[in-house]
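Numbering (the numbering used here), first residue to last: 64 to 431.
We put the CB at the ideal spot given by N, CA and C, even for glycine.
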Amino acid sequence: MSRFLDERYKELEPYTPGEQPKNLKRLIKLNTNENPYPPAPGVLKIISREEAEGLRLYSDPEAAELAEAIGDFYGIDKSMIMTGNGSDEILAFIFMIFQGKNRRFYFPEISYSFYPVYCDVFGAEAVKVPLASDFSVNPRDYERADGTIVITNPNAPTGMAMSLKDIERILKSNRENLVVIDEAYVDFGAESCVKLLKGYDNLLVVQTFSKSRSLAGARIGFALGHEEVIADLNRIKFSFNPYNLNRLSIKAGVEAMRDREYFEQMTGRIIRTREKFVSEMEKMGFILLPSKANFVFARHESIPGEEYFTKLRKYNIIVRYFGKPRIRDFVRITIGTDNEMEELLTATQEILKEYRQEDPQYEKKENT
Ligand code: PMP
64 MSRFLDERYK
74 ELEPYTPGEQ
84 PKNLKRLIKL
94 NTNENPYPPA
104 PGVLKIISRE
114 EAEGLRLYSD
124 PEAAELAEAI
134 GDFYGIDKSM
144 IMTGNGSDEI
154 LAFIFMIFQG
164 KNRRFYFPEI
174 SYSFYPVYCD
184 VFGAEAVKVP
194 LASDFSVNPR
204 DYERADGTIV
214 ITNPNAPTGM
224 AMSLKDIERI
234 LKSNRENLVV
244 IDEAYVDFGA
254 ESCVKLLKGY
264 DNLLVVQTFS
274 KSRSLAGARI
284 GFALGHEEVI
294 ADLNRIKFSF
304 NPYNLNRLSI
314 KAGVEAMRDR
324 EYFEQMTGRI
334 IRTREKFVSE
344 MEKMGFILLP
354 SKANFVFARH
364 ESIPGEEYFT
374 KLRKYNIIVR
384 YFGKPRIRDF
394 VRITIGTDNE
404 MEELLTATQE
414 ILKEYRQEDP
424 QYEKKENT
């Protein structure tokens with residue numbers, strides 16, 4: 064730490080991103096919820112000499128073409144859309160400028176671990192609301208809050224989704240608070256609350272191209288909300304980094320958004336793989352939370368989460384382990400291709416076999 068750093072950032076504990084190994088050969092990477100399939104075919108077309116030469120020019124600060132493509136997809140006006148350098152940037156803006164009178168954010172205790180970091184960066188109070196005993200988000204815990212509410216739907220890392228009815232309940236009792244729904248994983252089987260925008264000007268929906276549109280490396284996120292809320296977000300964006308989306312990403316995003324058929328095919332494929340994988344894991348004695356995302360959260364009565372995580376690594380398979388209270392027993396597994404999931408299942412069978420041999424208590428634990 065240098066002597067120049069501001070006092071207020073000295074204690075800051077940054078967000079820890081999932082590992083991004085350099086050598087991907089022989090590695091099955093199921094740790095950061097990326098999409099195993101390539102982006103829409105149209106995205107390939109934008110990589111040309113002409114586009115490369117165009118990089119001498121700045122990008123469109125309004126990313127108008129992209130906003131239009133998003134607007135067409137959802138049937139909403141451009142004035143209700145703001146684009147960002149990944150949804151992380153948009154979330155950062157939200158935690159910066161929508162702190163409410165009390166400078167306070169309410170979010171589930173187990174959720175996207177970036178939220179408390181943003182609170183620290185921007186000097187807001189984080190109110191971490193415990194999940195129910197079945198790991199669901201209880202809407203009653205957010206009724207009549209005295210701060211901004213941020214809920215990931217489906218939640219991460221549990222994968223569990225909330226119904227629109229429950230979200231509406233939160234919106235209704237918080238007319239004076241902004242309610243942010245982070246829909247990073249919504250396209251894998253949950254219901255988007257974009258349709259609630261008509262009735263609620265306190266709703267702000269955040270989405271990303273990183274998961275369901277296979278563009279994590281392009282860094283494209285967007286927010287959908289009421290015109291005035293979007294204008295506020297743009298006010299801060301233009302005070303911070305007007306050209307926040309680069310030229311290639313804007314084009315890639317347009318292509319990905321316009322190809323609805325490919326999007327539906329690929330998300331459908333991941334959902335099918337997930338359902339098959341869940342039932343195979345259950346047969347091996349795993350307990351999985353009901354997931355509507357492109358990952359599952361799984362634990363086994365007999366093998367500790369950390370041990371399973373470490374052993375998978377020996378089979379060149381990386382998943383994510385958090386090691387935090389209440390979720391210590393779990394690992395989060397991204398849904399990859401059918402082949403990748405089959406390899407994981409085979410490795411898991413081996414690991415359970417090895418574990419039985421190594422641990423004399425195993426049989427006893429299995430039977431209790
Ligand atoms: N929200 C949630 C819940 C996430 O898991 C992620 C991905 N880590 C993001 C937002 C950010 O995604 P991106 O910045 O790639 O759009």
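Beta-carbon contacts of residue i that lie in its chain and below 7 Å, excluding the five residues immediately before and after
i	result
residue 385	220
residue 330	250, 251, 275
residue 140	134
residue 367	392
Closest residue to residue i among the options (Cα-Cα distance)
i	options	result
residue 74	282, 180, 96, 253	180
residue 164	240, 411, 130	240
residue 34	323, 324, 393	Nothing in the structure corresponds to residue 34, since the chain is present only between 64 and 431.
residue 378	178, 408, 349	408
residue 84	206, 92, 77	92
residue 268	349, 284, 280, 302	284
residue 299	154, 100, 110, 333	154
residue 355	150, 254, 126	254
residue 209	292, 167, 341, 383	167
residue 175	243, 280, 64, 411	243
residue 358	398, 131, 381, 374	398
residue 207	261, 238, 280, 145	238
residue 90	111, 334, 405, 376	376
residue 270	341, 342, 145	145
residue 224	405, 411, 360, 79	360
residue 142	319, 120, 128	128
8 Å contact criterion, which residue i and residue j should meet: CB distance rounded
i	j	result
residue 233	residue 202	5 Å
residue 160	residue 295	6 Å
residue 81	residue 95	4 Å
residue 169	residue 205	6 Å
residue 173	residue 389	6 Å
Neighbour flag for residue i against chain D, beta carbons, 9 Å
i	result
residue 329	Protein chains in the displayed structure number just one, and chain D is not present.
Proximal residues to residue i (C-beta, below 8 Å), its chain only, five neighbours per side dropped
i	result
residue 401	336, 339
residue 345	351
residue 77	180
residue 259	227, 230, 231, 234, 266
residue 301	124
residue 97	273, 274, 277, 279, 397
residue 182	158, 168, 188, 189
residue 332	100
residue 297	145
Other residues of its chain near residue i: CB distance less than 6 Å, five sequence neighbours each side excluded
i	result
residue 171	192, 194, 200
residue 292	267
residue 431	Its pLDDT being 48, under 50, residue 431 is placed unreliably in this model, and the value from its coordinates should be taken loosely. Nothing listed; no residue qualifies.
residue 321	132
Requested in this report: May I ask you to verify whether the region 310-317 touches the region 287-298, counting CB pairs closer than 8 Å and requiring at least 3?
Outcome: These segments do not touch.
Query raised in the report: For the region 97-110 against the region 201-217, are there 3 or more C-beta pairs whose distance is under 8 Å?
Result: With the cut-off at 8 Å, the region 97-110 and the region 201-217 do not touch.
**Report entry** Residue ranges of each beta strand (DSSP E) within the region 370-429, 3 or longer
**Finding:** The region 370-429 contains, as complete beta strand (DSSP E) runs of 3+ residues, the segments 394-397 (chain order).
**Report entry** Ranges of the beta strand (DSSP E) found wholly within the region 254-292, counting only runs of at least 3
**Finding:** Entirely contained in the region 254-292, the beta strand (DSSP E) runs reaching 3 residues are, in chain order, 266-271, 283-288.
Report task. Could you say if the region 181-190 and the region 303-313 meet the contact criterion of at least three C-beta pairs nearer than 8 Å? Result -> Touching, no, given that fewer than three Cβ pairs across the two stretches are closer than 8 Å.
Query raised in the report: Which whole runs of the alpha helix (DSSP H) in the region 98-149 are 4 residues long or more, in chain order?
Result: As far as the region 98-149 is concerned, its whole alpha helix (DSSP H) runs of at least 4 residues are 104-108, 112-117, 127-137.
Query raised in the report: What are the start and end residues of each continuous beta strand (DSSP E) run of 3 or more residues lying completely inside the region 173-213, in chain order?
Result: Runs of the beta strand (DSSP E) lying entirely within the region 173-213 and spanning at least 3 residues, in chain order: 188-192.
Requested in this report: Jot down the residue ranges of each uninterrupted beta strand (DSSP E) in the region 312-353, minimum 3 residues, whole runs only, in chain order.
Outcome: The qualifying runs are 349-351.
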